[in-house]
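> Quick one: this structure, given as structure tokens, is what I'll be asking you about.
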Amino acid sequence: MTRNAYRPPFFPLVATAIAIAILGLWFSREPGPPPYQDEPAAERTDYLLERFATTTYREDGTLEGTLYGSQAHHYPERGDLEVDTPLMEWTSETGDLWLSWSPAGVARENDGTLLLLEDVVIQRPATATRPQLVIETRDLLVHTRSGTATSDAPSKAYEPRGWATSVGLTVHFEDDRLELHKNARGRYEAP
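Under our numbering, the residue at position 152 of the sequence shown is numbered 226, and the numbers go up by one with no gaps.
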């Protein structure tokens, strides 16, 4: 006698129903929390300055410049000093004084620059031999090692007898000279 294995006719239907139920439960489940990801470490300051002044001197001991600020945060990873309301005084080798200020700035240790951000005003005070000069621009990069400052932004310079505008400028503190880059225009009345 041969034995035939008897399979009930409803076995394929039951197996299909169980498979559909398992897949339905799998796809309807709530997603769990995302896998844990390390957040990048926040930059940390190693010191804070309030109402400060830092002064630099030339190799011969004469005063070169002083940076004042209401507050500053030092970031050691970048070597930057972020300054609120910076005011920079620059004294040329001949003793001429230049002042520059803005709402914010960044002093960089690695390349000896000071970036004055947003609206910047540069002033050369009047002396007995020359009138006051005021320059308005944006985002001025001061190169403290060469005694120059540059901006690529629209700029305006004025003194009592005239004015000049340009797109971009370079101020040479040591030579007491202003170099206008592009689209320079101006008016000057001779004494």
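Ideal placement from N, C-alpha and C gives every residue a C-beta, glycine not left out.
State the DSSP-derived secondary structure class of Thr129, mapped to helix, strand or coil.
Here residue 129 corresponds to residue number 55 of the sequence shown, with the count starting at 1. Note: Thr129 maps to strand in three-state DSSP.
> Quick check on this structure: which residue in Glu151, Ser220, Ala231, Pro205 has the alpha carbon closest to the alpha carbon of Trp164?
Position 90 of the sequence shown, counting from 1, holds the residue named residue 164. Comparing Cα-Cα distances from Trp164 to each of Glu151, Ser220, Ala231, Pro205, the minimum goes to Ser220.
> As a quick exercise: from Ala181, Trp172, Arg182, pick the residue whose alpha carbon is nearest that of Arg198.
The sequence position of residue 198 within the sequence shown is 124, counting from 1. The shortest C-alpha separation from Arg198 is found at Trp172.
> Measure the alpha-carbon distance for Arg132 versus Arg259 and round it to whole angstroms.
As a working mapping, residue 132 is identified with position 58 in the sequence shown. As a working mapping, residue 259 is identified with position 185 in the sequence shown. Each residue's Cα considered, the two are about 36 Å apart.
> Do you know offhand how far Arg118's Cα is from Gln206's?
Taking the sequence shown and counting its residues from 1, the one referred to as residue 118 is at position 44. Taking the sequence shown and counting its residues from 1, the one referred to as residue 206 is at position 132. Cα-Cα distance, rounded: 42 Å.
> Give me, in chain order, the residues of the same chain whose beta-carbon lies closer than 6 Å to that of Ile209; leave out the 5 immediate sequence neighbours on both sides.
Looking up residue 209 in the sequence shown gives position 135. Excluding sequence neighbours, Ile209 sits near Ile196, Ala231.
> If I'm right that Ser176 touches Asp193 with Cβ under 8 Å, what's the distance once you round it to whole angstroms?
Translated into the one-based positions of the sequence shown, residue 176 becomes position 102. Translated into the one-based positions of the sequence shown, residue 193 becomes position 119. With a Cβ gap of about 6 Å, Ser176 and Asp193 count as contacting.
> Straight-line CA distance for Leu188 to Thr203?
Working through the sequence shown from its first residue, we reach residue 188 at position 114. Working through the sequence shown from its first residue, we reach residue 203 at position 129. For Leu188 and Thr203, the distance between alpha carbons rounds to 29 Å.
> Compare the beta carbon distance of Leu191 and Asp226 with 8 Å and say whether it is the shorter of the two.
Counted from its first residue, the sequence shown places residue 191 at position 117. Counted from its first residue, the sequence shown places residue 226 at position 152. Result no, Cβ atoms of Leu191 and Asp226 do not sit closer than 8 Å.
> Which residues in the same chain have their Cβ closer than 6 Å to the Cβ of Val180, if we skip the five residues on either side of it in sequence?
As a working note, residue 180 is residue 106 in the sequence shown. Within the same chain, Val180 has close Cβ partners Asp154, Glu156, Leu189.
> When DSSP labels each residue in this structure, what does Thr140 get in the three-state scheme?
In the sequence shown, the residue the question calls residue 140 occupies position 66. Residue state, collapsed to three classes: strand.
> Going by DSSP, which residues form a beta bridge with Leu97?
Here residue 97 is taken as the residue at index 23 of the sequence shown, counted from 1. In the DSSP output, where bridge partners are listed per residue, Leu97 has none listed.
> Please return the same chain residues whose Cβ sits closer than 6 Å to the Cβ of Glu253, not counting the five positions on each side in sequence.
As a working note, residue 253 is residue 179 in the sequence shown. Cβ within range, chain order: Thr244.
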